[in-house]
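Student: Input: one structure, supplied below.
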Amino acid sequence: MMTQLTLHMELTNEAYSVLKRDGVLLNAPDLIGDQNWLPAYEWLTSKMLERLPAPTSDWKPWPLWAWLRRDGKEKGFRISEPGNWMIKFRKAANQALLSDYVKWHSPLNLSFLTDYANDEAAADSEYDKFQELLVNAGLSGVDDLIKKSKHESSHHYLLHTMHRSWERIFDVKNAGTVQATFWQLDLDDVVSVMQRRSR
Numbered sequence: 000m001m002t003q004l005t006l007h008m009e010l011t012n013e014a015y016s017v018l019k020r021d022g023v024l025l026n027a028p029d030l031i032g033d034q035n036w037l038p039a040y041e042w043l044t045s046k047m048l049e050r051l052p053a054p055t056s057d058w059k060p061w062p063l064w065a066w067l068r069r070d071g072k073e074k075g076f077r078i079s080e081p082g083n084w085m086i087k088f089r090k091a092a093n094q095a096l097l098s099d100y101v102k103w104h105s106p107l108n109l110s111f112l113t114d115y116a117n118d119e120a121a122a123d124s125e126y127d128k129f130q131e132l133l134v135n136a137g138l139s140g141v142d143d144l145i146k147k148s149k150h151e152s153s154h155h156y157l158l159h160t161m162h163r164s165w166e167r168i169f170d171v172k173n174a175g176t177v178q179a180t181f182w183q184l185d186l187d188d189v190v191s192v193m194q195r196r197s198r
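Residue 0 is where the sequence shown starts when you use numbering that gives the first Met the number 0, and the numbers rise one by one after that.
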């Protein structure tokens with residue numbers, strides 16, 4: 000039997016209405032909160048395409064997000080905004096990609112991700128070497144690397160090095176907060192819902 004994950008996802012009232020109406024909820028690039036996050040989302044999408052079964056819809060593949068664990072807890076998730084809904088649902092383990100929420104901020108902020116928790120000295124050295132490679136390539140930073148890599152193949156090895164560092168987000172064994180990304184939320188997978196009422 001396939002292992003099932005129990006996940007929690009906060010939805011706006013509008014998104015919950017779409018889920019109830021259509022029986023499925025999908026995401027799209029134009030719904031991203033900050034366009035500066037686009038390179039990280041595109042990279043994560045590429046990892047999902049490598050590791051998860053292909054999306055079943057014709058919709059452009061784009062991740063949805065949920066919590067597996069927050070601050071070491073797998074229940075009692077707080078709803079941030081009045082009117083929003085907390086959706087508890089189940090998803091087959093092979094349908095979701097788990098990642099460390101804290102480490103995810105390195106890709107999100109276009110930063111090289113070192114293994115600082117394991118070995119501080121080695122992490123500092125690895126980070127300094129990567130910064131030196133950027134300078135030697137005439138690049139002002141990671142955002143400059145991403146822009147120029149679209150037109151100059153000579154920078155692809157640096158981009159690959161950075162992307163390889165981002166793979167560390169998928170090591171979740173010691174993560175207190177673990178997020179799950181997946182292609183779609185099906186109404187049939189929902190176990191329970193709870194709304195935060197406005198006062």
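From the three backbone atoms N, C-alpha and C, an ideal C-beta is built for every residue, glycine too.
In chain order, which alpha helix (DSSP H) runs of at least 4 residues are fully inside the region 49 to 119?
Tutor: 100 to 107
Student: Could you say which of Lys-128, Asp-118, Asp-99 lies nearest to Phe-111 if we only look at CA atoms?
Tutor: Lys-128
Student: Under three-state DSSP, which class holds Asp-142?
Tutor: helix
Student: Could you please give the first and the last residue of the uninterrupted beta strand (DSSP E) stretch that includes Ala-179?
Tutor: For Ala-179, the uninterrupted beta strand (DSSP E) run begins and ends at 177 to 181, by DSSP.
Student: Which residue from Trp-165, Leu-109, Tyr-40 puts its Cα closest to that of Phe-181?
Tutor: Tyr-40
Student: When burial is assigned at 16 or more other CB atoms within 10 Å of the CB, is Asn-108 buried or exposed?
Tutor: exposed
Student: Over the uninterrupted beta strand (DSSP E) stretch that includes Ile-5, give me the two end residues.
Tutor: Before going on, a small fix: residue 5 reads as Thr here, not Ile. Start and end: 3 to 10.
Student: Gln-194 bridges to which residues according to DSSP?
Tutor: Residue pairing of Gln-194 in beta bridges, as defined by DSSP: Trp-84.
Student: Would you kindly work out how many angstroms separate the C-alpha atoms of Asn-93 and Pro-52, rounded to a whole number?
Tutor: 8 Å
Student: Compute the distance between the beta-carbons of Leu-97 and Val-190, then report whether it is under 7 Å.
Tutor: Not closer than 7 Å, so no.
Student: Tell me the DSSP bridge mates of Asp-170?
Tutor: None; Asp-170 has no bridge partner.
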